[in-house]
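Enquirer:
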């Protein structure tokens, strides 16, 4: 059974990958209208158009580097290089470890680094400039940032020794979770909190999109929440409805609501925030082991 699943993902049809992307957007687009977390007063179609344009840029770059990813996976498999190649383990365990470590290196680690290195942050903050976070926000990444993320994913494949079937399974799950965690849906608090012990949930990731620190620098995960819990970057808030999306250095619509402006941000002089705006009226941090 597992062999057939991995074999399927080794030759994953383009139509299946496209269906995850497009089908996921459509499903959560509809669900956002039924159980919204926030009632945004915005042109949803125009907002989606901006974010989907960035998705097009990402797809072009992704296809361009797909050969490097495939070659890396082929090389480590052929030469038995990397953790999964040198250690004997059942296929089910190889799948779990492979997906988890790719999620750590290709999602959590690169995300954490982007928040710590100023010139990388200038590319990543385009994702944070969205003041109306919905399912399309998960696709809003500057072309330069796509290079970082693909680069870290390739490094993960190389170090871990991941076969291409597991790589494609990971990428499919990654896209699915990007839809789930950014969707503007009102997830029941108890369900969301229970799931967040293992997986990144909608409420958990929305905290990361709050417009000021310290919340901006928390909850970096994509699929698995355990990395934030292990490395001390996990955060919860008392009231999710008090979150304010965006980034405090670029709250002007002329900066965050124009494609041309967003593309230029990484190449402009860095403008640090004027000071923390995290005060009594802000959502309050709480310890993760308390209600």
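Residue numbers (the numbering used here): 1415 to 1705. Yeah, the Cβ is synthetic: ideal placement off N, Cα and C, and Gly gets one too.
Is residue 1533 buried or exposed, if buried means 16 or more other CB atoms sit within 10 Å of its CB?
Expert: For the purposes of this step, residue 1533 is taken as residue 119 along the chain shown, with counting starting at 1. The residue is exposed, with fewer than 16 neighbouring Cβ atoms inside 10 Å.
Enquirer: Is the beta carbon of residue 1479 closer than 8 angstroms to that of residue 1578?
Expert: On the chain shown, position 164 is the one that residue 1578 refers to. On the chain shown, position 65 is the one that residue 1479 refers to. For residue 1578 and residue 1479, no; Cβs fall outside 8 angstroms.
Enquirer: On a Cα-Cα basis, can you pick out the residue from 1465, 1556 and 1417 that is closest to residue 1596?
Expert: Reading the chain shown from its first residue, position 182 is the one you call residue 1596. Looking at the Cα atoms, 1465 is the closest of the given residues.
Enquirer: What's the C-alpha gap between residue 1576 and residue 1538?
Expert: Counting from 1 along the chain shown, the entry for residue 1576 is found at position 162. Counting from 1 along the chain shown, the entry for residue 1538 is found at position 124. Straight-line Cα distance between these residues: approximately 26 angstroms.
Enquirer: Which two residues bound the contiguous alpha helix (DSSP H) that contains residue 1661?
Expert: Residue numbering aside, residue 1661 sits at position 247 when the chain shown is read from its first letter. Taken as a continuous stretch (DSSP letters only), residue 1661 belongs to no alpha helix (DSSP H), as it is neither H nor E.
Enquirer: If you run the structure through DSSP and keep just helix, strand and coil, what is residue 1691?
Expert: Locating residue 1691 in the chain shown gives position 277, where the first residue counts as 1. In this prediction, residue 1691 scores a pLDDT of 42, lower than 50, which makes its location untrustworthy; the coordinate-derived value is nonetheless stated afterwards. If DSSP states are grouped into helix, strand and coil, residue 1691 belongs with coil.
Enquirer: Report the CB separation of residue 1442 from residue 1599 in whole angstroms; it is logged as a contact under 8 angstroms.
Expert: In the chain shown, residue 1442 corresponds to position 28, counting from 1. In the chain shown, residue 1599 corresponds to position 185, counting from 1. About 7 angstroms; that satisfies the 8 angstroms criterion.
Enquirer: Sort 1621, 1645, 1662 and 1683 by Cα distance to residue 1654 and report the nearest one.
Expert: On the chain shown, residue 1654 is found 240 positions in, with the first residue counted as 1. Comparing Cα-Cα distances from residue 1654 to each of 1621, 1645, 1662 and 1683, the minimum goes to 1621.
Enquirer: Sorted by chain position, which residues of the same chain lie with C-beta nearer than 6 angstroms to residue 1567's C-beta, five sequence neighbours on each side aside?
Expert: For this step, residue 1567 is matched to residue 153 along the chain shown. Cβ neighbours of residue 1567 beyond the five flanking positions: 1520.
Enquirer: Are residue 1614 and residue 1639 touching if we call contact CB-CB under 8 angstroms?
Expert: Position 200 of the chain shown, counted from the first residue, corresponds to residue 1614. Position 225 of the chain shown, counted from the first residue, corresponds to residue 1639. Contact flag set, yes.
Enquirer: Please look up how many angstroms separate the CB atoms of residue 1625 and residue 1546, rounded, as I've assumed it's under 8 angstroms.
Expert: Working through the chain shown from its first residue, we reach residue 1625 at position 211. Working through the chain shown from its first residue, we reach residue 1546 at position 132. Rounded, the Cβ-Cβ distance is 12 angstroms, inconsistent with contact.
Enquirer: Which residues does DSSP list as the beta-bridge partners of residue 1599?
Expert: Numbered from 1 along the chain shown, position 185 holds the residue referred to as residue 1599. Its beta-bridge partners are 1450.
Enquirer: How many Å lie between residue 1548 and residue 1500 at the Cα?
Expert: On the chain shown, residue 1548 is found 134 positions in, with the first residue counted as 1. On the chain shown, residue 1500 is found 86 positions in, with the first residue counted as 1. When rounded, the distance between both Cα atoms is 42 angstroms.
Enquirer: Could you check the C-alpha separation between residue 1671 and residue 1483 for me, to the nearest Å?
Expert: Walking along the chain shown from the start, residue 1671 turns up at place 257. Walking along the chain shown from the start, residue 1483 turns up at place 69. For residue 1671 and residue 1483, the distance between alpha carbons rounds to 33 angstroms.
Enquirer: Under three-state DSSP, which class holds residue 1705?
Expert: Within the chain shown, residue 1705 is the residue found at index 291, counting from 1. In this prediction, residue 1705 scores a pLDDT of 37, lower than 50, which makes its location untrustworthy; no coordinate-derived value is stated.
Enquirer: Hey, how far is the Cα of residue 1431 from the Cα of residue 1664?
Expert: Mapped onto the chain shown, residue 1431 falls at position 17. Mapped onto the chain shown, residue 1664 falls at position 250. For residue 1431 and residue 1664, the distance between alpha carbons rounds to 33 angstroms.
Enquirer: Looking at the structure shown, is residue 1495 part of a helix, part of a strand, or coil, going by DSSP?
Expert: Locating residue 1495 in the chain shown gives position 81, counting from the first residue. If DSSP states are grouped into helix, strand and coil, residue 1495 belongs with coil.
Enquirer: Please classify residue 1416 as buried or exposed, where buried requires at least 16 other C-beta atoms within 10 Å of its C-beta.
Expert: As a first step, residue 1416 must be located in the chain shown, where it is residue number 2. Exposed, by the Cβ-count rule.
Enquirer: So, with DSSP's three-state summary, where would you put residue 1518?
Expert: Looking up residue 1518 in the chain shown gives position 104. Looking at residue 1518 - three-state DSSP - the assignment turns out to be helix.
Enquirer: Give me the residue from 1630, 1425 and 1476 with the minimum Cα distance to residue 1543.
Expert: For the purposes of this step, residue 1543 is taken as residue 129 along the chain shown, with counting starting at 1. Answer by Cα proximity: 1630.
Enquirer: To the nearest whole angstrom, what separates the beta carbons of residue 1583 and residue 1423, a pair I think is in contact under 8 angstroms?
Expert: By one-based count along the chain shown, residue 1583 stands at place 169. By one-based count along the chain shown, residue 1423 stands at place 9. Sure, about 5 angstroms apart at Cβ, within 8 angstroms.
Enquirer: Judging by CA-CA distance, which residue of 1467, 1652, 1487 and 1475 is the nearest neighbour of residue 1580?
Expert: Numbered from its first residue, the chain shown carries residue 1580 at position 166. The residue with the shortest Cα to Cα distance from residue 1580 is 1487.
Enquirer: According to DSSP, which residues form a beta bridge with residue 1622?
Expert: Within the chain shown, numbered from 1, the residue matching residue 1622 stands at position 208. Residue 1622 pairs with nothing; no bridge assigned.
Enquirer: When the Cα of residue 1433 is compared with those of 1528, 1551 and 1586, which residue comes out closest?
Expert: Here residue 1433 corresponds to residue number 19 of the chain shown, with the count starting at 1. When each option's Cα is compared against that of residue 1433, the closest is 1586.
Enquirer: Can the beta-carbon of residue 1574 be found less than 8 angstroms from the beta-carbon of residue 1481?
Expert: The residue given as residue 1574 occupies position 160 in the chain shown. The residue given as residue 1481 occupies position 67 in the chain shown. No, these two residues do not count as a Cβ contact at 8 angstroms.
Enquirer: For residue 1613, name the three-state secondary structure that DSSP assigns.
Expert: For the purposes of this step, residue 1613 is taken as residue 199 along the chain shown, with counting starting at 1. Looking at residue 1613 - three-state DSSP - the assignment turns out to be strand.
Enquirer: Note the first and the last residue of the continuous alpha helix (DSSP H) segment covering residue 1529.
Expert: Taking the chain shown and counting its residues from 1, one reaches residue 1529 at position 115. That run of the alpha helix (DSSP H) goes 1524-1530.
Enquirer: Using 8 angstroms as the threshold, is the C-beta distance between residue 1616 and residue 1637 below it?
Expert: Numbered from 1 along the chain shown, position 202 holds the residue referred to as residue 1616. Numbered from 1 along the chain shown, position 223 holds the residue referred to as residue 1637. Contact flag unset, no.
Enquirer: Could you tell me how far apart the beta carbons of residue 1471 and residue 1557 are, in whole angstroms, since I believe they sit closer than 8 angstroms?
Expert: Here residue 1471 refers to the residue found at position 57 of the chain shown. Here residue 1557 refers to the residue found at position 143 of the chain shown. So it is a contact: roughly 5 angstroms between Cβ atoms.
Enquirer: Counting only the same chain and skipping the five closest in sequence on each side, list residues whose C-beta sits under 6 angstroms from that of residue 1560.
Expert: For the purposes of this step, residue 1560 is taken as residue 146 along the chain shown, with counting starting at 1. Excluding sequence neighbours, residue 1560 sits near 1472 and 1475.
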